[in-house]
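J.: These protein sequence lines are chains L and G, in that order.
Each residue of the first sequence is one higher than the last, beginning at 1 in the numbering used here.
Each residue of the second sequence is one higher than the last, beginning at 255 in the numbering used here.
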Amino acid sequence: METSTRSDQPLLELQGIGKDFGAVRALHDVDLAIRPGEVVGVMGDNGAGKSTLVKIIAGNFAASHGEMRFEGRPVHFRHPIDAREVGIEIVYQDLALVDNLTATANVYLGRELKWKLGPFAFLDHRAMANRALEIFGELRSETRPQHLVKQMSGGQRQAVAIARTRLANAKLVLMDEPTAAISVRQVAQVLSLIRSMRDQGVAVVLISHRMPDVFAVADRIVVFRRGEKKADKAIRDSSPEEVTALITGAKEAA
Amino acid sequence: MSTPADDQVSYANIREEQWWRRGVFASQTGYVTAALIVLVLVMNFASPYFFTAGNLQNVAKNFSFIAISALGATFVIITAGIDLSVGSMMCFAAMITSMVMSGLSTPGAFGADLFVHVAADGKTVVANVPGLILLVSIVAGMGVSLIVGLVNGFCVAVLGLSPFVTTLGTLSIVRGLAYVVSNGRGSFPGGPDVDYFYALTSGTAFGVPVPFLYLLFFAVVMAVTLHHTTFGRHVFAIGGNENAAEMTGVAVVRVKMTVYVISALAAGLQGIIICGWLGSAPANMAISYELNVIAAAVIGGANLAGGVGGPLGAIIGCVLLEVIRNGLVLAQVNSYWQQTLVGVIIIAAVLVDRIRSKVS
Numbered sequence: 001m002e003t004s005t006r007s008d009q010p011l012l013e014l015q016g017i018g019k020d021f022g023a024v025r026a027l028h029d030v031d032l033a034i035r036p037g038e039v040v041g042v043m044g045d046n047g048a049g050k051s052t053l054v055k056i057i058a059g060n061f062a063a064s065h066g067e068m069r070f071e072g073r074p075v076h077f078r079h080p081i082d083a084r085e086v087g088i089e090i091v092y093q094d095l096a097l098v099d100n101l102t103a104t105a106n107v108y109l110g111r112e113l114k115w116k117l118g119p120f121a122f123l124d125h126r127a128m129a130n131r132a133l134e135i136f137g138e139l140r141s142e143t144r145p146q147h148l149v150k151q152m153s154g155g156q157r158q159a160v161a162i163a164r165t166r167l168a169n170a171k172l173v174l175m176d177e178p179t180a181a182i183s184v185r186q187v188a189q190v191l192s193l194i195r196s197m198r199d200q201g202v203a204v205v206l207i208s209h210r211m212p213d214v215f216a217v218a219d220r221i222v223v224f225r226r227g228e229k230k231a232d233k234a235i236r237d238s239s240p241e242e243v244t245a246l247i248t249g250a251k252e253a254a
Numbered sequence: 255m256s257t258p259a260d261d262q263v264s265y266a267n268i269r270e271e272q273w274w275r276r277g278v279f280a281s282q283t284g285y286v287t288a289a290l291i292v293l294v295l296v297m298n299f300a301s302p303y304f305f306t307a308g309n310l311q312n313v314a315k316n317f318s319f320i321a322i323s324a325l326g327a328t329f330v331i332i333t334a335g336i337d338l339s340v341g342s343m344m345c346f347a348a349m350i351t352s353m354v355m356s357g358l359s360t361p362g363a364f365g366a367d368l369f370v371h372v373a374a375d376g377k378t379v380v381a382n383v384p385g386l387i388l389l390v391s392i393v394a395g396m397g398v399s400l401i402v403g404l405v406n407g408f409c410v411a412v413l414g415l416s417p418f419v420t421t422l423g424t425l426s427i428v429r430g431l432a433y434v435v436s437n438g439r440g441s442f443p444g445g446p447d448v449d450y451f452y453a454l455t456s457g458t459a460f461g462v463p464v465p466f467l468y469l470l471f472f473a474v475v476m477a478v479t480l481h482h483t484t485f486g487r488h489v490f491a492i493g494g495n496e497n498a499a500e501m502t503g504v505a506v507v508r509v510k511m512t513v514y515v516i517s518a519l520a521a522g523l524q525g526i527i528i529c530g531w532l533g534s535a536p537a538n539m540a541i542s543y544e545l546n547v548i549a550a551a552v553i554g555g556a557n558l559a560g561g562v563g564g565p566l567g568a569i570i571g572c573v574l575l576e577v578i579r580n581g582l583v584l585a586q587v588n589s590y591w592q593q594t595l596v597g598v599i600i601i602a603a604v605l606v607d608r609i610r611s612k613v614s
C-alpha cells in the first residue's frame with residue numbers, strides 16, 4: 001500500500017480545472033499532478049489564481065470546469081470536510097490556532113481523544129500529550145506540548161499548525177504563505193518542517209511570494225499568471241530570474 | 255519514521271517558568287485570593303464578631319446567593335460573551351416556581367385537583383403525593399429559564415446578534431414578563447409542600463447553609479467540565495479564537511447555545527433559592543444582580559475578552575464582595591459606601607492583572 005502510493009501514480013491530479021466567478025475567469029484550464037513526497041512551490045502575482053486553486057483543492061468551493069482525481073479516484077469536494085476526509089489538510093495563513101490553549105489542545109482541537117465513564121466522556125490528557133510530543137519529535141521541533149500557543153514564536157506556531165495535519169495522517173498538505181509573517185531564523189525552522197513532512201512521504205503544496213524559500217525547499221515549481229498555468233518544471237531546471245520573468249509576464253511561458 | 259537528528263531545531267528561547275510565576279499563582283485569581291486572605295485577617299482584628307460561627311454562616315449563605323449564577327455566567331464570559339439577563343431571570347424563575355406552587359396547592363384552581371385534596375376537617379389542604387407539587391413547580395421555574403437561555407443562545411449563536419444587546423433585550427423582556435404574570439405584585443410560595451421548599455432552599459445541612467453545599471457541588475462539576483471534557487475545551491477555544499475553532503471543526507453554534515442555556519439555568523436556580531430565603535418572589539427581586547454577578551466573575555479573574563475564567567475565580571469574587579459588605583456592616587461604616595468600594599475593587603483587580611502582564 002505504502003509502496004504503491006510512492007510509485008509514479010500521482011496523488012492528486014487536476015485536468016482542465018477552471019473557475020468562473022460570474023463573468024470573471026479566475027482560473028483557466030489548469031492541469032497539475034502532484035506525487036507523494038513531493039514539494040511543489042506555487043508562485044504568481046496577486047490575483048494570478050493561486051488562492052483560487054488552493055481553495056478548489058481544499059474544498060472551499062467547487063471548480064466550474066474540469067476534473068480532479070485523488071489517488072486515482074475522481075473526487076468532488078463540496079466542503080473542506082470532504083477534502084479532509086480523503087487526506088488533504090490546509091495550513092491557513094493565519095494558522096487557525098487558539099492562543100489561550102496549549103500546543104496539545106490546539107493539535108487535537110475538534111478531534112480530542114476521550115475516555116468513557118458510564119455516560120460521561122473525559123479528555124484523555126496523557127494520550128494526547130504523548131502523541132503530540134511524538135509528532136513534534138517527528139517534525140524535529142522542540143515545541144513543548146504543554147506550552148500555551150500565545151507564548152510561542154512564529155516558527156513554533158507553524159509547527160503546531162503542521163502537527164495538526166500530521167495527526168490527521170494527511171497525504172497532501174496545502175500551505176498558504178507559511179513564511180510571510182515570521183523572522184528569518186523562524187523561516188529556516190518552517191522550511192525544515194516542510195522537509196521533514198516530505199521525508200515522511202507527505203506531498204506539500206507551498207504557496208509563497210518568497211522566491212528564496214521556494215527555491216530552498218521545493219522540488220518543482222508551478223507559476224501562475226492571470227489564471228493560467230505558465231510553467232511547471234523541476235526546480236533545478238529553473239532559476240529565480242526565469243520565475244520572476246514568468247510571474248511578471250516578461251517571459252510568456254516555460 | 256525519522257528520529258530527531260543532528261540538525262534538530264532549537265527552541266531554547268522558551269524555558270520553564272518558576273512555579274510561582276505560572277498557573278494559578280500568576281493569575282488574577284491568585285492575587286485576588288491573596289487580597290481576600292489579607293482582608294479576612296484585617297477583619298479578624300477589626301471586629302471580634304467576624305470569626306463567629308453565626309457571622310461566617312451568614313457570609314457563606316450570602317455569597318452563595320449570587321455565586322451559583324456567577325458560575326453559570328462565567329461559562330458565557332469565557333466564550334467572550336456576556337449575559338445581562340441573569341437578574342431578571344432569577345426573578346422570573348422564582349416567580350413562576352412560587353406561582354405554580356401556590357396555584358397547584360389551591361383546591362379548585364386549574365389543575366390543582368390532581369395534586370391536592372381537602373382533608374376531612376374541611377380546611378387543611380393535603381398533598382396527594384408529598385413533594386410532587388414542589389417538583390413540578392421547580393421544573394416549571396427551570397423550564398422558563400431553559401426557554402430564555404435558548405432564546406439568548408439562538409440570537410447570539412445562530413442569528414449572530416451581539417451578546418450585550420441580546421441579553422440587554424432579554425433583561426427587559428423577562429423582567430417585564432415577571433411584572434405581567436404577577437400583575438406587579440409578586441408572588442409567594444405556599445401550599446403543603448412549602449416546608450420542603452424552605453428546607454431545600456434556606457435550610458442547613460451538617461451546620462452549613464444548603465445553598466453553600468449546592469455551590470460547592472456545582473463548582474466541582476464546572477471545574478471538571480471546563481478542564482476535562484471536550485465541551486469545556488471548546489468553550490475556551492471559542493473564547494480564544496472563534497474563527498480558528500470554527501475552522502478546526504468545533505461545533506461553535508452548539509457550544510455557544512449551551513453556555514447561554516447553562517447561564518440561564520444557573521440564574522433560574524439561583525432565583526428559586528433566593529425566593530426560599532426571602533419567602534416571596536417580589537417583582538423587583540434581584541434587580542441589578544447581573545452587575546454583581548458579572549463583577550464577581552471579573553474580580554475573580556474571568557476576562558470579558560474571552561478565553562479566561564473558572565469556578566474558583568467566580569467564587570473568590572463573590573466571597574470578596576460579600577466579605578467587604580459584611581466588613582463594612584461590622585465596622586459600622588455607612589452601607590452606601592459598599593457600592594463605591596465594589597467599583598474600586600473591580601478596577602483595581604483588572605488593573606493589577608494588566609500591570610502584571612505588562613511587566614512579564
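Built from N, CA and C at the ideal position, the CB exists for glycine as well.
My guess is that residue 355 of chain G and residue 387 of chain G are in contact by the Cβ rule of under 8 Å, so how many angstroms apart are they, rounded?
T.: Counted from its first residue, the second sequence places residue 355 of chain G at position 101. Counted from its first residue, the second sequence places residue 387 of chain G at position 133. Indeed, because the Cβ distance is near 6 Å, the residues count as touching under 8 Å.
J.: Should residue 319 of chain G be labelled buried (16 or more other beta-carbon atoms within 10 Å of its own) or exposed?
T.: In the second sequence, the residue the question calls residue 319 of chain G occupies position 65. Burial call: buried.
J.: Residues of chain L with CB under 9 Å from residue 418 of chain G, in chain order?
T.: Counting from 1 along the second sequence, the entry for residue 418 of chain G is found at position 164. Going along chain L, no residue has its Cβ under 9 Å from residue 418 of chain G, so there is no contact; the nearest lies around 21 Å.
J.: Hey, out of G/313, G/534 and G/329, whose CA is closest to residue 475 of chain G's CA?
T.: On the second sequence, residue 475 of chain G is found 221 positions in, with the first residue counted as 1. The shortest Cα separation from residue 475 of chain G among G/313, G/534 and G/329 belongs to G/329.
J.: Compute the beta-carbon to beta-carbon distance between residue 135 of chain L and residue 166 of chain L, rounded to the nearest angstrom, for a pair I have assumed lies under 8 Å.
T.: Counting from 1 along the first sequence, the entry for residue 135 of chain L is found at position 135. Counting from 1 along the first sequence, the entry for residue 166 of chain L is found at position 166. Contact flag correct, Cβ pair sits at about 5 Å.
J.: Enumerate in chain order the residues of its own chain whose CB-to-CB distance from residue 187 of chain L is below 6 Å, with the five nearest sequence positions on each side excluded.
T.: Here residue 187 of chain L refers to the residue found at position 187 of the first sequence. Once the five neighbours on either side are set aside, the close Cβ partners of residue 187 of chain L are 179.
J.: Give the interface partners of residue 491 of chain G over in chain L, defined as CB-CB distance under 9 Å, in chain order.
T.: Position 237 of the second sequence holds residue 491 of chain G. Chain L residues near residue 491 of chain G: 98, 100, 101, 105, 106, 109 and 110.
J.: Chain G partners of residue 121 of chain L, CB-CB under 9 Å?
T.: One-based indexing of the first sequence puts residue 121 of chain L at position 121. Going along chain G in sequence order, the residues near residue 121 of chain L (Cβ under 9 Å) are 483 and 484.
J.: Among the candidates G/438, G/357, G/490 and G/496, whose CA atom is the shortest distance from the CA of residue 538 of chain G?
T.: The residue labelled residue 538 of chain G in the question sits at position 284 within the second sequence. Nearest C-alpha to residue 538 of chain G: G/438.
J.: Do you know how far the Cα of residue 567 of chain G is from the Cα of residue 556 of chain G?
T.: Within the second sequence, the letter at position 302 stands for residue 556 of chain G. Within the second sequence, the letter at position 313 stands for residue 567 of chain G. Looking at the two C-alpha atoms, the distance is approximately 7 Å.
J.: Which full runs of the beta strand (DSSP E) of 3+ residues lie inside the segment 105 to 180 of chain L, going along the chain?
T.: Within the segment 105 to 180 of chain L, the complete beta strand (DSSP E) runs of at least 3 residues are 114 to 117, 120 to 123 and 172 to 176.
J.: Can you check whether the C-beta of residue 81 of chain L is within less than 9 Å of a C-beta belonging to chain G?
T.: The sequence position of residue 81 of chain L within the first sequence is 81, counting from 1. Yes, its Cβ sits closer than 9 Å to a Cβ of chain G.
J.: Would you mind sorting residue 123 of chain L into buried or exposed? The rule is 16 or more other CB atoms within 10 Å of its CB.
T.: Stepping through the first sequence from its first residue, residue 123 of chain L is reached at position 123. By the neighbour-count rule (16 or more Cβ atoms within 10 Å), residue 123 of chain L is buried.
J.: Taking 9 Å as the threshold (C-beta atoms), are residue 105 of chain L and residue 143 of chain L in contact?
T.: Counted from its first residue, the first sequence places residue 143 of chain L at position 143. Counted from its first residue, the first sequence places residue 105 of chain L at position 105. Contact flag unset, no.
J.: Given a limit of 8 Å on CB to CB distance, which residues of the segment 491 to 507 of chain G reach chain L?
T.: Listed in sequence order: 491, 493, 494, 495, 497, 498, 499, 501, 502, 503 and 504.
J.: Among all the DSSP beta bridges, which residues are the ones paired with residue 510 of chain G?
T.: Here residue 510 of chain G refers to the residue found at position 256 of the second sequence. For residue 510 of chain G, which the question treats as bridged, DSSP gives no partner whatsoever.
J.: Whole angstroms are fine: how far does the CA of residue 514 of chain G sit from the CA of residue 404 of chain G?
T.: Residue 404 of chain G sits at position 150 when you count from the first residue of the second sequence. Residue 514 of chain G sits at position 260 when you count from the first residue of the second sequence. Their Cα atoms are separated by approximately 7 Å.
J.: Counting only Cβ pairs nearer than 9 Å, list the residues of chain G close to residue 114 of chain L.
T.: As a position in the first sequence, residue 114 of chain L is number 114, starting the count at 1. Neighbours of residue 114 of chain L on chain G, chain order: 483 and 484.
J.: Suppose the cutoff is 6 Å on Cβ atoms and the five residues either side in sequence are ignored; what does the same chain contact list for residue 265 of chain G look like?
T.: Numbered from its first residue, the second sequence carries residue 265 of chain G at position 11. Any reading at residue 265 of chain G must be qualified, since the residue scores a pLDDT of 46, below 50, and its modelled position is unreliable; no value is offered.
J.: Just to confirm my understanding: we take residue 455 of chain G, look at its own chain, exclude 5 residues before and 5 after, and list those with CB closer than 6 Å. What are they?
T.: Residue numbering aside, residue 455 of chain G sits at position 201 when the second sequence is read from its first letter. If we look at residue 455 of chain G and ignore the five residues flanking it on each side, its Cβ neighbours are 527 and 530.
J.: Please say whether residue 38 of chain L and residue 198 of chain L have beta carbons closer to each other than 9 Å?
T.: By 1-based counting over the first sequence, the position of residue 198 of chain L is 198. By 1-based counting over the first sequence, the position of residue 38 of chain L is 38. In contact: residue 198 of chain L and residue 38 of chain L (Cβ atoms closer than 9 Å).
J.: Can you pull the chain L neighbours of residue 513 of chain G, defined as C-beta to C-beta under 9 Å?
T.: Locating residue 513 of chain G in the second sequence gives position 259, counting from the first residue. What residue 513 of chain G touches in chain L: nothing, since even the nearest Cβ is about 16 Å away.
J.: Kindly list the residues whose CB is nearer than 6 Å to the CB of residue 224 of chain L, restricted to its own chain and excluding five residues on each side of it in sequence; keep chain order.
T.: What you label residue 224 of chain L is simply residue 224 of the first sequence in a count that begins at 1. Closer than 6 Å at the Cβ level, and outside the excluded window around residue 224 of chain L, lie 44, 48, 49 and 50.
J.: When the Cα atoms are used, what is the spatial distance from residue 259 of chain G to residue 140 of chain L?
T.: Here residue 259 of chain G refers to the residue found at position 5 when the second sequence is read from its first residue. Here residue 140 of chain L refers to the residue found at position 140 when the first sequence is read from its first residue. Annotation note: pLDDT 40 at residue 259 of chain G (below 50); position unreliable, coordinate value reported separately. Distance between the alpha carbons of residue 259 of chain G and residue 140 of chain L is about 7 Å.
J.: Please name the residue in G/546, G/523, G/409 and G/446 whose C-alpha comes closest to that of residue 377 of chain G.
T.: For the purposes of this step, residue 377 of chain G is identified with residue 123 of the second sequence, where counting begins at 1. Checking every option, the nearest Cα to that of residue 377 of chain G belongs to G/446.
J.: In or out: residue 371 of chain G buried (at least 16 other Cβ within 10 Å) or exposed?
T.: Against the second sequence, residue 371 of chain G aligns to sequence position 117. Looking at its Cβ environment, which holds fewer than 16 other Cβ atoms inside 10 Å, residue 371 of chain G is exposed.
J.: Output yes or no for whether 9 Å exceeds the beta carbon distance between residue 96 of chain L and residue 498 of chain G.
T.: Counting from one through the first sequence, the residue named residue 96 of chain L turns up at place 96. Counting from one through the second sequence, the residue named residue 498 of chain G turns up at place 244. Yes.
J.: Once you ignore the five residues that flank residue 380 of chain G on each side, which residues in its own chain have a CB closer than 8 Å to its CB?
T.: Residue numbering aside, residue 380 of chain G sits at position 126 when the second sequence is read from its first letter. Here the set comprises 370, 371, 372, 373 and 446.
J.: Using only CA atoms, which one of L/158, L/110 and L/133 lies nearest to residue 192 of chain L?
T.: Locating residue 192 of chain L in the first sequence gives position 192, counting from the first residue. Closest by alpha carbon: L/158.
J.: Can you tell me where the alpha helix (DSSP H) with residue 354 of chain G in it begins and where it stops?
T.: Translated into positions along the second sequence, residue 354 of chain G becomes position 100. Note, residue 354 of chain G: alpha helix (DSSP H), 340 to 358.
J.: Return helix, strand or coil for residue 10 of chain L, following the three-state DSSP convention.
T.: Position 10 of the first sequence, counted from the start, is the residue given in the question as residue 10 of chain L. Coil.
J.: By Cβ distance below 6 Å, which residues in the same chain neighbour residue 460 of chain G in space, the five residues on each side in sequence not counted?
T.: The residue you call residue 460 of chain G lines up with position 206 of the second sequence. Excluding sequence neighbours, residue 460 of chain G sits near nothing in its chain.
J.: What is the DSSP secondary structure of residue 28 of chain L, counted as helix, strand or coil?
T.: Residue mapping note: residue 28 of chain L aligns to position 28 of the first sequence, counting from 1. Note: residue 28 of chain L maps to strand in three-state DSSP.
J.: By DSSP, does residue 612 of chain G sit in helix, in strand, or in coil?
T.: Numbered from its first residue, the second sequence carries residue 612 of chain G at position 358. Of the three classes helix, strand and coil, the one that applies to residue 612 of chain G here is helix, per DSSP.
J.: If you pair each beta-carbon of the segment 478 to 488 of chain G with each one of the segment 303 to 317 of chain G, do three or more pairs fall below 8 Å?
T.: With the cut-off at 8 Å, the segment 478 to 488 of chain G and the segment 303 to 317 of chain G do not touch.
J.: Note down, in chain order, each residue of its chain lying with its Cβ closer than 7 Å to the Cβ of residue 28 of chain L, except the 5 sequence neighbours on either side.
T.: Residue 28 of chain L sits at position 28 when you count from the first residue of the first sequence. Closer than 7 Å at Cβ, skipping near neighbours: 18, 227 and 228.
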